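Everything below concerns the one structure shown next.
Chains as they are written, first to last, in my numbering: chain A, 49 to 334; chain B, 4 to 260; chain C, 771 to 1051.
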């Protein structure tokens, strides 16, 4: 009962002294935050428990237990040869991205600006966006054989439709009033492109890149599994052929962690720098 | 000498199969230099369309528009819109410079001078999102004056502001205009505002015809509180009484382009 | 009172004149209007694609041209390999996606309605989102052998997180005001879910399922590729391993054609229907 009086600001006899109320509100907020963290931790515990239970059910040969995978991961880190494979995979992913942006952004721009090009590209781009990644992976291997170009092409093929659709969406969302303003002041099409259209689509390009990134590195790894000479996917295939499942999972866990870090650090930083004019970004930067 | 000459101007919109809507019907008028002309009329009479056609943003169906520049070279135009229309990703000063043809130091100084006239010199490095609506509209006005236009077009620039802010801005506009003496075509639905600001009022009626052309001959600076202004406002409103009935009978149809 | 001047006053100064729409319209020739119409653009794009394919197949001798792919397709039909394999893939895929939809909607609604369950499920969903389909394919092949179970589980596991995320987002988007309104009127929980939450979320469910379908195809094909139990993925791998890329491409064409038809005639319609309330403005 006393506890309740302390916790709830409204239950006690009304003493509306402002500092008291504030303190109580702060306390409940802190309590809520603490509870959230606890439940969040519980989520991780649940993941661990499910993993343990599954490997008990199938046996640790078919699904190694978490600590076995951890051990393999430590071994991989200790030998130090993960650096070469990681950087190879990351470089190929970003190279693929570069190609996708170079091809996808102009297509999206044309689709957003002109009715003709919208009709021209629309079907192709939407179809390309629904084709499963495995098709792209194998197709890239057929075109380039066992080489580093295969994964790059696969990433580009998977990402380009997203980039194009997002840029088209962004261009169509351009504030027409800014265009008429520019025309009324006699700005050239080039100036309008640089000062109005490009800044408008930057957030959309970023949205596309962030959305793609999660898909792209998986496709990159997939292509390497099918036929790479280096990279994380190549290691995963090698270990799989040796039936060393805990090494397969260790490579995967390391790669996921690495890619999440890259996404948070590189992409989020670049985004907040380029979008400093947006009020919500300014708030986040403070 | 006439800066703007509009001859037999018509504008029609196609509304699907064989139906068309006439927005402007065979309009002719001239605007001479250094005058402040208002175009007034009920909503749907085509006054904004007329302004867009003069500026070249919209195309006209038939007729002729001629712009004359006494400086030589193509006629320069400034435009103040209903809303500020600033680039949100550029600072106030960069917005001022965006519409300038030459980026010389003189031009920068001129832009600063006009920014100072609207009282926003210290906000030059702000993003538009950091300014209030009234301040943004002042940037819009300074931007239009700073291009030193042969013809300055204004499309109900105060209609989205609250009454007090609008009143302050009207006074500021008069002061700037008195100093620069640009030729202005000002569109508004507010007769009271038009009388306060203009040398001449062209009244449009529904269907896009010219209803009346009134000359306002009052000393400047004018203030809303002046007796003479108030009397003339009442007088003009009385003369437009029949227009009110006309507007009530006419279905408002301003198709979206 | 209006001043009508028939001759524009042009003195020493510069004069600018603008063209009217009537003039511009008269200047555009008829053939140009036909060539720039929407259907013409679509036909041109198809022709451009075929041309591109032919050029690529001429440049890379490993890439089969349209004719070779067509012949393999006809061969595959006459061999009677198409319907059986297609059927088993469809069955596995259908069961997997149906499971993913049911589970995903339930979990997503839960995550959208309750703060605590969201905090609890956030990390598992994040982890599930980031595990590549290939890992699930490897594991399920080992766990369940070469039957239908492996591909079904792979499809389910790869696509369920996407349904969850979409549905949770949709539920959270249900207006707070409407929820408060229901609370003040004491609307019973069952009716609240049926009349408020579900209609508002149907569109997001549809969008989530569509995404799940794209991801799910990838899962089922991968599992079949590494498993040995028949299906589109298995058959495509057969031709790939035999270095007969035209056979592989024939299956791609068949499969992509099917996906496009499904997307266009079933999913698009369903999504439009479920967002009807929103677009009817």
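All residues carry an ideal CB built from backbone N, CA and C; glycine is no exception. A quick note: this is a predicted structure, and the numbers were derived from the prediction, not measured.
Closer than 8 Å, CB to CB, is residue i near chain A or not?
i: residue 892 of chain C; result: yes
i: residue 90 of chain B; result: yes
i: residue 902 of chain C; result: yes
i: residue 881 of chain C; result: no
i: residue 58 of chain B; result: yes
i: residue 925 of chain C; result: no
i: residue 812 of chain C; result: yes
i: residue 260 of chain B; result: In this prediction, residue 260 of chain B scores a pLDDT of 41, lower than 50, which makes its location untrustworthy; the coordinate-derived value is nonetheless stated afterwards. Output row for residue 260 of chain B: interface = no.
i: residue 86 of chain B; result: yes
i: residue 819 of chain C; result: yes
i: residue 984 of chain C; result: yes
i: residue 102 of chain B; result: yes
i: residue 992 of chain C; result: yes
i: residue 972 of chain C; result: no
For residue i versus residue j, is the C-beta spacing smaller than 8 Å?
i: residue 726 of chain C; j: residue 222 of chain A; result: Shown here, chain C extends from 771 to 1051; a query on residue 726 of chain C therefore has no answer.
i: residue 188 of chain A; j: residue 213 of chain A; result: no
i: residue 232 of chain B; j: residue 221 of chain B; result: yes
i: residue 211 of chain A; j: residue 152 of chain A; result: yes
i: residue 937 of chain C; j: residue 878 of chain C; result: yes
i: residue 239 of chain B; j: residue 34 of chain B; result: no
i: residue 59 of chain B; j: residue 231 of chain A; result: yes
Taking the beta strand (DSSP E) that residue i belongs to, which residues open and close that run?
i: residue 291 of chain A; result: That residue, residue 291 of chain A, is in no beta strand (DSSP E); it is neither H nor E in DSSP.
i: residue 5 of chain B; result: 5-17
i: residue 1011 of chain C; result: That residue, residue 1011 of chain C, is in no beta strand (DSSP E); its alpha helix (DSSP H) goes 1002-1011.
i: residue 218 of chain B; result: 212-218
i: residue 23 of chain B; result: 23-35
i: residue 164 of chain A; result: Careful: residue 164 of chain A lies outside any beta strand (DSSP E), inside the alpha helix (DSSP H) at 163-178.
i: residue 205 of chain B; result: 203-208
i: residue 158 of chain B; result: 154-158
Could you work out which residues of chain F lie near residue i, taking near to mean beta carbons separated by less than 7 Å?
i: residue 909 of chain C; result: Going by chain labels, chain F is absent from the structure shown, which instead holds the protein chains A, B and C.
Let's see if you can read the secondary structure: which residues bound the alpha helix (DSSP H) around residue i?
i: residue 116 of chain A; result: 114-127
i: residue 971 of chain C; result: 968-996
i: residue 181 of chain A; result: 181-192
i: residue 1023 of chain C; result: 1015-1032
i: residue 200 of chain A; result: 197-220
i: residue 111 of chain B; result: 108-120
i: residue 42 of chain B; result: No alpha helix (DSSP H) holds residue 42 of chain B; the beta strand (DSSP E) holding it covers 39-43.
i: residue 238 of chain B; result: 230-242
i: residue 925 of chain C; result: 919-943
i: residue 191 of chain B; result: No alpha helix (DSSP H) holds residue 191 of chain B; the beta strand (DSSP E) holding it covers 187-191.
i: residue 260 of chain A; result: 246-275
i: residue 98 of chain B; result: 95-101
i: residue 171 of chain B; result: 166-183
i: residue 194 of chain B; result: 194-200
i: residue 804 of chain C; result: 800-805
Say whether chain B places a C-beta atom closer than 8 Å to the C-beta of residue i.
i: residue 69 of chain A; result: no
i: residue 177 of chain A; result: no
i: residue 234 of chain A; result: yes
Please tell me whether residue i has its Cβ less than 8 Å away from any Cβ of chain C.
i: residue 87 of chain A; result: yes
i: residue 171 of chain A; result: yes
i: residue 316 of chain A; result: no
i: residue 182 of chain A; result: yes
i: residue 273 of chain A; result: yes
Please list the segments of the alpha helix (DSSP H) lying wholly inside the stretch 826-897 of chain C, counting only runs of 4 or more residues, in order along the chain.
836-848, 852-883
For the stretch 217-232 of chain A, enumerate the residues whose C-beta is nearer than 7 Å to any C-beta of chain B, in chain order.
225, 226, 228, 229, 231, 232
Within 8 Å of chain B by C-beta, residues of the stretch 186-210 of chain A in sequence order
When C-beta distances to chain B are compared with 8 Å, every residue of the stretch 186-210 of chain A stays at or above that value.
Taking a cut of 9 Å between CB atoms, which residues from the stretch 238-251 of chain A lie near chain B?
The residues in question are 239, 243, 244, 247, 248, 250.
Selection of the stretch 828-859 of chain C by Cβ proximity to chain A, strictly under 8 Å:
830, 832, 833
Compile a chain-ordered list of the residues in the stretch 126-141 of chain B whose CB is closer than 7 Å to at least one CB of chain A.
130, 132
Relative to chain C, which residues along the stretch 92-119 of chain A have a C-beta separation below 7 Å, given in chain order?
92, 94, 95, 106, 110, 111
Under 7 Å (Cβ pairs) to chain C, residues found in the stretch 285-300 of chain A:
Result list: 288, 296, 300.
Identify each residue in the stretch 1023-1047 of chain C for which the Cβ-Cβ distance to at least one residue of chain A is less than 8 Å, and report them in chain order.
1025, 1026, 1029, 1030, 1033
Hey, which unbroken runs of the beta strand (DSSP E) at 3 residues or more fall wholly within the stretch 52-89 of chain B?
Secondary structure remark: continuous beta strand (DSSP E) runs of at least 3 residues inside the stretch 52-89 of chain B, in chain order: 65-72, 80-83.
Could you name the residues of the stretch 151-169 of chain A whose beta carbon sits closer than 7 Å to any beta carbon of chain C, in the order they occur along the chain?
164, 167, 168, 169
Which whole runs of the alpha helix (DSSP H) in the stretch 126-162 of chain A are 4 residues long or more, in chain order?
130-161
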